[in-house]
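Chains as they are written, first to last, in the working numbering: chain A, 9 to 242; chain B, 9 to 242. The structure appears right after this line, and notes come after that.
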DNA sequence: CGATGGCATTGACCTTGGTCAACCGCCCCC
DNA sequence: GGGGGCGGTTGACCAAGGTCAATGCCATCG
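Here it is as structure tokens:
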């Protein structure tokens, strides 16, 4: 595939590639494949041999596990600019994807061959460090998730999720536009859709938020922060 | 500290060091410190600046989070021959430990300076690969834990834990010696000690196991495997 | 030897969140 | 315009597991 080096810059949005040498990034990019998914399309299934990993250009992809009964738990919702499944390469010989991946919205991705990436890692310790950084961030994220699943209740998890959706620099009464169907958020938080509804209703009745479909107006940030034991914002 | 190179071999038990060049391992080992902990001693606290990571020689160390109310959730129970807190080095500048670490039993460890390890990683891509392997194993373990916390109930988690304790090659009615107090196991499985007791009693009444204090005799492996949807052992 | 304290067990009760079912609003499509 | 399907909401009920309290069981120690 013939690709412009400028387009490789797009990859720099990912932590994994942020500090990678220009030449390495270009070389890697030459072997990348374009992927287009419609909403609901599967990208890979748990247990399949993992020969490539992915950079999400736009759209949204969910990573999830299924129970034998068919219940779904979303481990992570990937956002544009993020990479995923890079870690699988190191799961012994011939790793397999440990989760399922499916597009939530229409999505465009680059698929990168693990073989070429492995070659690169052998040569460039900077690339190694980029990957180590990516993986330790994900590790930390999973530990946080385990903590909130075990030590906190459903209301806590939902409120924490809402607060995460508020951009850092907002001071005024913040608006949150839910970017995924509520059912997806429920699965990410490991609660049932009905429970999500009820918690939102409770927060609404308490005057903490307003809900209009996907759009939530936070009326009392302070109260929400208290609920999750966060210090008041100065 | 003056150390015999032979003793460095001890470190090879850890995946992280298994394939590392002899010279590198020795160099790293020269800067290692001995640590001795009594049962209940803290090794580090969540939030402390992380300047070293650890190799557990013997004993047992728990890694855990605390809720604001003081409830404890054990993320991982470290066994002799394992390393932990290696990943923290890559959490941006001056990482901090994301969990607490405390000895369950009397323990001996080596503490390894992250600085010397970082230097080594820059020089040796083999060392990098060892670390990447360690981290992806831990990543996988955490995903499994999230799955069983959200998609499975308490009985499932306990049975899965018991089956994990059975050595691979045992065919006859297997004996499980619990190596930690039941309260520790309960926290690892995210259940209350009372619930652990009750589930064991239920399994006992069902004729699946015998319980004598810390010692559990599995009377019906097949039935237990069915409970956690594992295929029958051939 | 009895006292103390930590761990485990058991029972009674309660709370959270899941389950099941009905229903609404909306969009799409025939 | 009517029907159907999907996502979300609401209500009634239920159950798994948490909470609280009493008790037992050792092991340790004075």
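We put the beta carbon where it would ideally sit given N, CA and C, even for glycine. No experiment lies behind these values; they were computed from the predicted model shown.
- Taking a 10 Å sphere around the C-beta of residue 60 (chain A), we find 16 or more other C-beta atoms and assign the residue as buried.
- When B:207, B:22, B:70, B:174 are compared, the shortest CA-CA separation from residue 225 (chain B) is found for B:174.
- In the DSSP assignment, residue 225 (chain B) falls outside any alpha helix (DSSP H) and lies within the beta strand (DSSP E) extending over 223-226.
- At a cut-off of 8 Å, the C-beta of residue 102 (chain A) has no neighbouring C-beta in chain B.
- Of the candidates B:126, B:128, B:66, B:57, B:66 places its Cα closest to the Cα of residue 45 (chain B).
- For residue 81 (chain A), at least one C-beta of chain B is nearer than 8 Å to its own C-beta.
- Here DSSP, grouped into helix, strand and coil, assigns residue 97 (chain A) to helix.
- Taking a contact as a CB-CB distance under 8 Å, the pair residue 98 (chain B) and residue 141 (chain A) counts as one, their CB atoms being some 5 Å apart.
- Proximity of the segment 48-58 of chain B to the segment 210-223 of chain A falls short of the contact definition, fewer than three beta-carbon pairs being nearer than 8 Å.
- For residue 164 (chain A), the enclosing alpha helix (DSSP H) covers residues 162-173.
- Below 8 Å, enough C-beta pairs join the segment 155-172 of chain B and the segment 199-215 of chain B to call them touching: three or more.
- Note on residue 26 (chain B): under 16 other CB atoms within 10 angstroms of its CB, so exposed under the neighbour-count rule.
- If you ignore the 5 residues before and after residue 198 (chain B), its C-beta comes within less than 7 Å of the C-beta of 81, 157, all in its own chain and listed in chain order.
- In the structure shown, the three-state DSSP call for residue 38 (chain B) is helix.
- In this structure residue 126 (chain A) is not in contact with residue 135 (chain A), their Cβ atoms being roughly 10 Å apart against a cut-off of 8 Å.
- The beta-carbon distance between residue 69 (chain A) and residue 109 (chain A), rounded to whole angstroms, is 6 Å. This is short enough to meet the 8 Å contact definition.
- Among the residues facing chain B, residue 124 (chain A) is not included, as its CB has no counterpart in that chain under 8 Å away.
- Assignment of residue 201 (chain A) by DSSP, reduced to helix, strand and coil, places it in the helix class.
- For a cut-off of 8 Å, the C-beta gap from residue 159 (chain A) to residue 75 (chain B) is around 4 Å, short enough to register as a contact.
- No Cβ of chain B is located within less than 8 Å of the beta carbon of residue 51 (chain A).
- When secondary structure is reduced to three states using DSSP, residue 28 (chain B) falls in the coil class, being assigned neither helix nor strand.
- By alpha-carbon distance to residue 182 (chain A), the top candidate from A:204, A:79, A:227 is A:227.
- In this structure, the alpha-carbon of residue 161 (chain B) lies about 15 Å from that of residue 200 (chain A).
- Using beta-carbon distances, residue 95 (chain B) counts as an interface residue toward chain A, with a partner under 8 Å.
- Residues of chain B with a Cβ closer than 7 Å to the Cβ of residue 155 (chain A) are, in chain order, 73, 81.
- Against chain B, a Cβ distance below 7 Å from residue 55 (chain A) picks out nothing, because the smallest value is about 13 Å.
- Listed in chain order, the non-local C-beta contacts of residue 92 (chain A) below 6 Å within the same chain comprise 62, 86, local neighbours out to five positions each way being set aside.
- For residue 216 (chain B), the secondary structure class from DSSP, reduced to helix, strand or coil, is coil.
- At a cut-off of 8 Å between C-beta atoms, residue 78 (chain B) does not count as an interface residue with respect to chain A.
- As DSSP reads the structure, residue 79 (chain A) sits in no beta bridge.
- Close to chain B, meaning a Cβ-Cβ distance shorter than 9 Å, are the following residues of the segment 136-156 of chain A: 136, 137, 139, 140, 141, 142, 143, 144, 145, 146, 147, 148, 150, 151, 152, 153, 154, 155.
- In this chain, the alpha helix (DSSP H) harbouring residue 134 (chain B) covers 133-159.
- With contacts defined as CB atoms closer than 8 Å, residue 147 (chain A) and residue 149 (chain B) fail to qualify as a contacting pair.
- What residue 106 (chain A) touches in chain B, judged by beta-carbon distance under 7 Å, is 148, 151, going in chain order.
- Nearest CB-CB separation between residue 129 (chain B) and chain A: below the 8 Å threshold.
- In this model, residue 235 (chain A) and residue 113 (chain A) are separated by some 32 Å (Cα to Cα).
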